[in-house]
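Chains as they are written, first to last, in our numbering: chain W, 35 to 598; chain V, 2 to 216.
All C-beta atoms, glycine included, are put in the ideal place defined by N, C-alpha and C.
See structure below.
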Amino acid sequence: MAVAAHPGVAGDHIHPAPEGFIRKYVFSIDHKVIGLQYFITGGLFFIIAGLLAEAIRVQLIKPSGLILSPGAYNGVYSVHGSTMVWLVIIPVLTGGFGNFIMPLQIGARDVAFPWLNMLSFWMFPVAGAILFSSFIVGAPDAGWTEYPPISLQGPPGTTVWTVAIFLIGISSTMTGLNFVVTMLKMRAPGMTFTRMTLFVWASLATAVMNMVATAALSAALLALFLERVFDVPFYDPARGGSPILWQHMFWFYSHPAVYIMVLPAFGIISEVFPTFARKPIFGYKMIAFSSILIALLSFMVWAHHMFTSGMAPWLQLPFMIITMIIAVPTGIKIFSWLATLWGGKIWFTTAMMFSLGFILTFTFGGITGVFLAAVPVDLQAHGTYFIVGHLHYVLVGGSVMGILSGIYYWFPKMTGRLLSEKIGHWNFWLFFVGFNGTFLPMHWLGLLGMPRRVATYDPRFQFWNDVSSAFSFVMAVGLLLLFINIAISLRKGKRSGANPWGARTLEWTISSPPPYYNFKHIPAVLKNPYEFSEPLPYLGLDNEQPPGPPVPTFTHPTEVGATR
Amino acid sequence: MAVGTLGAGTLSGSHDEVVARYNDVDQAYAEQRENRLLGFVLFLVSDVVIFSSFIFAYLYLRSSVPNWPPIAAGGHQLPRFDVAFAGVNSVVLFGSGATMHFALENWKHQKKGRFNGWLIATIVLGAGFLLGQAYEYHSVQLAWSGSTMGATFFTLTGMHGFHVFVGVVYLITLLIQANRGVYTSSKYFGLTAGTLYWHFVDVIWVALFYLFYLM
């Protein structure tokens with residue numbers, strides 16, 4: 035393919051700038067504004083979900099429970115789980131980072147269908163509002179998985195829950211579709227598949243999963259809705275239905291969903307490591323293809339959530355083995371990241387700290403996942419706090435750590451200002467220590483036999499529950515520092531300039547924050563961006579300096595002997 | 002119509018090839034058309050997943066009872082469906098797939114009179130299928146909420162019927178737009194999408210007809 039810059043070709047023209055507050059900031063079709071809208075909305079939901087989590091931890095300080103009735107407790111943990119999965123992690127990773135970063139990294143001016151993108155976004159806050167309104171009529175109380183027959187007997191809020199999750203599911207499907215077309219069709223000239231960044235690779239795998247798997251969830255939710263509202267028997271065993279059917283349909287979505295929640299985080303880590311180790315990424319192709327392999331395998335393992343639900347023993351074996359095989363592509367990534375760090379000149383920024391922390395916590399959660407894939411272990415640990423510990427190590431220690439790393443890494447690109455590294459390091463250490471203190475004891479509680487989803491518990495479990503609750507406040511303070519850091523930085527943070535980290539991917543070649551049209555001319559791409567020893571592999575870049583005084587160019591702190 | 006983004010067309014050949022394929026169309030339109038076509042196909046893929054999930058539910062529930070049609074909660078044996086009537090109705094729908102194909106082909110050759118005729122035939126056949134389905138719903142001895150058979154039958158065929166209904170409305174819109182000059186001999190993405198959608202609805206019905214009436 036010809037790789038020449040082509041300023042002024044037909045179709046290479048720039049949209050007129052949007053005018054007026056509404057078109058600019060509310061019903062904007064600019065992928066960057068929509069990305070920020072996802073971050074802000076997701077951040078609000080994150081605060082709500084965090085407060086619900088603290089309510090859970092406060093309740094469990096005393097064996098007889100402290101603040102909530104058992105019924106209210108069920109509602110609180112169900113909404114906490116649903117919010118974190120569908121209203122925080124998935125929208126922030128795919129909608130937030132996916133929208134803001136992905137089009138910039140492929141050298142595009144926007145996503146393929148900007149109007150659809152706006153529609154997808156606006157379904158998200160609406161879905162959130164609907165979900166939280168379920169507290170008015172009685173919150174759903176069967177956990178985020180809402181297994182029938184409990185969900186069939188649940189309070190009216192369960193119906194509200196199905197509507198909210200259905201909406202967010204449609205939004206995810208549309209975003210996935212939009213992004214697949216964008217990544218397949220709108221990459222800058224010369225950007226072949228093996229020249230895409232690893233975040234884009236991860237986003238591609240995620241978008242395909244979002245598009246395909248989420249539709250299965252929509253079907254399951256629709257059936258649950260019909261059964262609850264019109265009494266149509268799908269899941270009620272008394273009328274020929276099957277509760278196991280829900281589990282199949284739900285997990286056919288929700289197992290891929292755990293990779294929807296972690297693959298973009300893998301992508302973020304893959305950007306942060308080479309940048310702050312100042313080394314080419316190790317095993318570029320292996321990291322890229324392992325994302326695709328994980329996505330494929332994730333569709334074949336859903337029944338490992340159902341070992342205790344009653345399934346044919348011969349069927350358990352293939353699900354157990356395929357589940358364990360997923361550890362292989364994941365291990366390929368972990369070892370490639372470690373090899374990237376090896377011999378690198380590591381710059382311990384906050385983004386890098388979170389990525390390093392991610393390696394520790396996610397690997398831990400991954401290993402307990404391999405434990406749980408083994409049928410005999412799962413039969414013992416299923417429905418205990420061991421599961422709660424495991425899932426928080428992968429979702430908080432994996433996805434949320436990835437999100438935090440990404441926020442510290444790309445905040446300068448999004449706002450043009452640097453976050454405070456000092457507050458950032460406090461943020462990291464409080465969060466990291468608090469996180470491990472909160473969730474590590476849960477593994478022991480689980481092995482001692484404490485069941486999950488209970489508002490009261492046997493007094494012999496009290497010590498580790500109190501440890502967990504105490505550390506959860508440390509974690510909360512750490513997260514509070516993130517919001518404080520952002521608030522301070524937005525008011526008086528240092529100007530970052532276009533490329534404060536000396537990173538090499540396309541988004542750092544334009545000013546921060548990028549202009550609404552992103553690239554004045556679409557650049558041509560010669561190589562993948564991770565070869566630190568070589569000049570930037572782009573042709574036809576037309577860097578625009580933002581108005582105002584010139585900003586300092588990048589210097590590695592170790593080169594000038596500077597400290598943070 | 003023009004978009005602000007210049008795609009590379011990396012999947013579908015080089016820049017020049019893309020232009021050559023649509024040499025009578027301007028390049029921005031050609032690229033936008035490719036994006037929309039892929040997007041539309043992906044939308045249909047996700048729709049297939051929704052139907053497949055319900056088909057999975059049907060097969061799962063069907064395989065969990067010893068006999069099908071099952072015995073309803075009240076103890077009476079549920080009836081088999083009337084294959085003959087549904088067969089005739091299916092022929093009506095499949096026929097509309099053929100007429101839609103002729104409509105699009107005639108548009109490509111700019112034979113507008115024939116295009117209108119075939120498209121109107123498609124709309125009439127589609128509406129006829131819906132009427133047939135309404136008659137069947139009315140006459141079948143089965144309730145939506147009475148049994149898993151009723152649940153899966155009415156949900157799946159109802160979802161399909163909804164798709165046919167949306168399709169008929171869409172085709173009417175296309176008929177109006179085409180006659181108001183919205184489409185030209187080289188720019189007619191709406192008609193392509195409408196034809197794709199209509200064939201998709203046909204294909205889904207092939208599966209449903211087999212699963213409910215023949216199996």
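Member of W:238, W:497, W:415 and W:409 whose CA lies at the smallest distance from the CA of residue 296 of chain W: Locating residue 296 of chain W in the first sequence gives position 262, where the first residue counts as 1. Comparing Cα positions, the closest option is W:238.
Could you check whether residue 211 of chain W and residue 161 of chain W sit closer than 7 Å to each other, using their CB atoms as the reference points? Position 127 of the first sequence, counted from the first residue, corresponds to residue 161 of chain W. Position 177 of the first sequence, counted from the first residue, corresponds to residue 211 of chain W. Contact: no.
Does the beta carbon of residue 149 of chain V come closer than 7 Å to any beta carbon on chain W? In the second sequence, residue 149 of chain V corresponds to position 148, counting from 1. Residue-level contact check: residue 149 of chain V touches chain W, since one or more beta carbons of chain W fall below 7 Å from its beta carbon.
Following the continuous alpha helix (DSSP H) through residue 544 of chain W, name the residue where it begins and the one where it ends. Counting from 1 along the first sequence, the entry for residue 544 of chain W is found at position 510. Under the DSSP assignment, residue 544 of chain W falls outside any alpha helix (DSSP H); it carries neither an H nor an E label.
Chain W beta carbons: is any one of them nearer than 7 Å to that of residue 261 of chain V? Nothing about residue 261 of chain V can be reported from this structure: the residues present for chain V run from 2 to 216 only.
Looking only at its chain, what residues have a beta carbon closer than 6 Å to the beta carbon of residue 52 of chain W, apart from the 5 residues adjacent to it on each side? If you number the first sequence from 1, residue 52 of chain W lands on position 18. Taken in chain order, the residues that qualify are 58.
Contact with chain V by residue 283 of chain W, beta-carbon distance below 7 Å: The count along the first sequence starts at 1 and reaches residue 283 of chain W at position 249. Yes - at least one Cβ of chain V is within 7 Å of the one on residue 283 of chain W.
Assuming residue 374 of chain W and residue 447 of chain W are in contact, meaning their beta carbons sit under 8 Å apart, how far apart are those beta carbons, in whole angstroms? As a working mapping, residue 374 of chain W is identified with position 340 in the first sequence. As a working mapping, residue 447 of chain W is identified with position 413 in the first sequence. With a contact defined as Cβ atoms closer than 8 Å, residue 374 of chain W and residue 447 of chain W miss out at about 21 Å.
So which of V:169, V:201, V:208 and V:179 has the shortest CA-CA distance to residue 109 of chain V? As a first step, residue 109 of chain V must be located in the second sequence, where it is residue number 108. Per the Cα distances, V:179.
For the stretch 249–274 of chain W, list every residue whose C-beta sits within 9 Å of some C-beta in chain V, in sequence order. Residues of the stretch 249–274 of chain W with a C-beta less than 9 Å from any C-beta of chain V: 249, 250, 251, 252, 253, 254, 256, 257, 260, 261, 264, 265, 266, 267, 268, 272, 273 and 274, listed in chain order.
Quick check on residue 161 of chain V: does DSSP put it in helix, strand or coil? As a first step, residue 161 of chain V is located in the second sequence; it is residue number 160 there, counting from the start. In the structure shown, residue 161 of chain V sits in a helix (DSSP, three-state: H, G or I).
Say yes only if the C-beta of residue 431 of chain W is nearer than 6 Å to one or more non-hydrogen atoms of the ligand GTP, and no if none qualify. The ligand GTP is absent from the structure shown, which contains no ligands of any kind.
Any chain V beta carbon closer than 7 Å to residue 214 of chain W: Numbered from 1 along the first sequence, position 180 holds the residue referred to as residue 214 of chain W. So yes, residue 214 of chain W belongs to the interface.
Straight-line CA distance for residue 204 of chain W to residue 267 of chain W? The residue you call residue 204 of chain W lines up with position 170 of the first sequence. The residue you call residue 267 of chain W lines up with position 233 of the first sequence. Answer to the nearest angstrom: the Cα atoms are 24 Å apart.
Is it true that the CB of residue 94 of chain V sits closer than 7 Å to the CB of residue 149 of chain V? Here residue 149 of chain V corresponds to residue number 148 of the second sequence, with the count starting at 1. Here residue 94 of chain V corresponds to residue number 93 of the second sequence, with the count starting at 1. It is not a contact, given that the beta carbons lie outside the stated cut-off.
Nearest chain V C-beta to residue 559 of chain W closer than 7 Å, yes or no? Locating residue 559 of chain W in the first sequence gives position 525, where the first residue counts as 1. Taking Cβ atoms only, chain V never reaches closer than 7 Å to residue 559 of chain W, which makes this a no.
Spatial distance of residue 557 of chain W from residue 139 of chain W (CA atoms): For the purposes of this step, residue 557 of chain W is taken as the residue at position 523 of the first sequence. For the purposes of this step, residue 139 of chain W is taken as the residue at position 105 of the first sequence. Distance between the alpha carbons of residue 557 of chain W and residue 139 of chain W: 11 Å.
Between the Cα of residue 322 of chain W and the Cα atoms of W:338, W:308 and W:304, which residue gives the shortest distance? For this step, residue 322 of chain W is matched to residue 288 along the first sequence. It is W:304 whose Cα lies nearest to the Cα of residue 322 of chain W.
Using a Cβ-Cβ cutoff of less than 7 Å, which residues in the same chain neighbour residue 393 of chain W once the five nearest sequence positions on both sides are dropped? Start at 1 with the first residue of the first sequence, and residue 393 of chain W comes out as number 359. Only 368 and 371 meet the Cβ criterion.
Could you pull out every unbroken alpha helix (DSSP H) segment of at least 4 residues lying fully inside the stretch 271–350 of chain W, listed in chain order? Fully enclosed alpha helix (DSSP H) runs of 4 or longer: 277–311 and 318–332.
Under the three-state reduction of DSSP, which class applies to residue 418 of chain W: helix, strand or coil? As a working mapping, residue 418 of chain W is identified with position 384 in the first sequence. Note: residue 418 of chain W maps to strand in three-state DSSP.
Which value, in whole angstroms, describes the spacing of the CA atoms of residue 377 of chain W and residue 232 of chain W? What you label residue 377 of chain W is simply residue 343 of the first sequence in a count that begins at 1. What you label residue 232 of chain W is simply residue 198 of the first sequence in a count that begins at 1. Roughly 21 Å between the two C-alpha positions.
Cβ of residue 110 of chain W within 7 Å of Cβ of residue 89 of chain W? The residue you call residue 110 of chain W lines up with position 76 of the first sequence. The residue you call residue 89 of chain W lines up with position 55 of the first sequence. A contact, by the Cβ cut-off of 7 Å.
Does any CB atom of chain W fall closer than 7 Å to the CB of residue 187 of chain V? To locate residue 187 of chain V, count along the second sequence from 1; it is residue 186. Interface annotation, residue 187 of chain V: not in contact with chain W, CB-CB separation never under 7 Å.
Going along chain W in order, which residues have a C-beta closer than 8 Å to the C-beta of residue 123 of chain V? Residue numbering aside, residue 123 of chain V sits at position 122 when the second sequence is read from its first letter. For the C-beta of residue 123 of chain V, not a single chain W residue is nearer than 8 Å; the gap to the nearest is close to 27 Å.
Of all the residues that make up the stretch 216–236 of chain W, which are near chain V by a beta-carbon distance shorter than 9 Å? Shown in chain order are the members of the stretch 216–236 of chain W whose Cβ falls below 9 Å from a Cβ of chain V: 216, 218, 219, 220, 221, 222, 223, 224, 225, 226 and 227.
Looking only at DSSP bridge pairs, what is residue 559 of chain W linked to? If you number the first sequence from 1, residue 559 of chain W lands on position 525. Looking at the DSSP assignment, residue 559 of chain W forms a beta bridge with W:572.
If you draw a straight line from the alpha carbon of residue 276 of chain W to that of residue 254 of chain W, how long is it in whole angstroms? As a first step, residue 276 of chain W must be located in the first sequence, where it is residue number 242. As a first step, residue 254 of chain W must be located in the first sequence, where it is residue number 220. For the pair residue 276 of chain W and residue 254 of chain W, the Cα-to-Cα distance works out to about 12 Å.
Which partner residues does residue 33 of chain V have in the DSSP bridge list? For this step, residue 33 of chain V is matched to residue 32 along the second sequence. Per DSSP, residue 33 of chain V has no beta bridge partner at all.
Can you check whether the C-beta of residue 68 of chain V is within less than 7 Å of a C-beta belonging to chain W? As a working mapping, residue 68 of chain V is identified with position 67 in the second sequence. Output row for residue 68 of chain V: interface = no.
Where the alpha helix (DSSP H) through residue 367 of chain W begins and ends: Within the first sequence, residue 367 of chain W is the residue found at index 333, counting from 1. Per DSSP, the unbroken alpha helix (DSSP H) holding residue 367 of chain W starts and ends at 361–375.
Ends of the alpha helix (DSSP H) at residue 137 of chain V? Translated into positions along the second sequence, residue 137 of chain V becomes position 136. Its alpha helix (DSSP H) spans residues 113–140.
Near-chain V residues of the stretch 139–154 of chain W (beta-carbon distance less than 7 Å), N- to C-terminal order: If the cut-off is 7 Å between Cβ atoms, the stretch 139–154 of chain W has 142, 143, 144, 146 and 147 near chain V.
I'd like to know whether the C-beta of residue 197 of chain W is nearer than 7 Å to at least one C-beta of chain A. You won't find chain A in this structure, because its protein chains are W and V.
Shorter than 7 Å from the beta carbon of residue 167 of chain V to some beta carbon of chain W? The residue given as residue 167 of chain V occupies position 166 in the second sequence. Cβ-Cβ to chain W under 7 Å: no for residue 167 of chain V.
Residues from the stretch 322–341 of chain W in contact with chain V, defined by Cβ distance under 9 Å: Listed by position along the chain: nothing, the set is empty.
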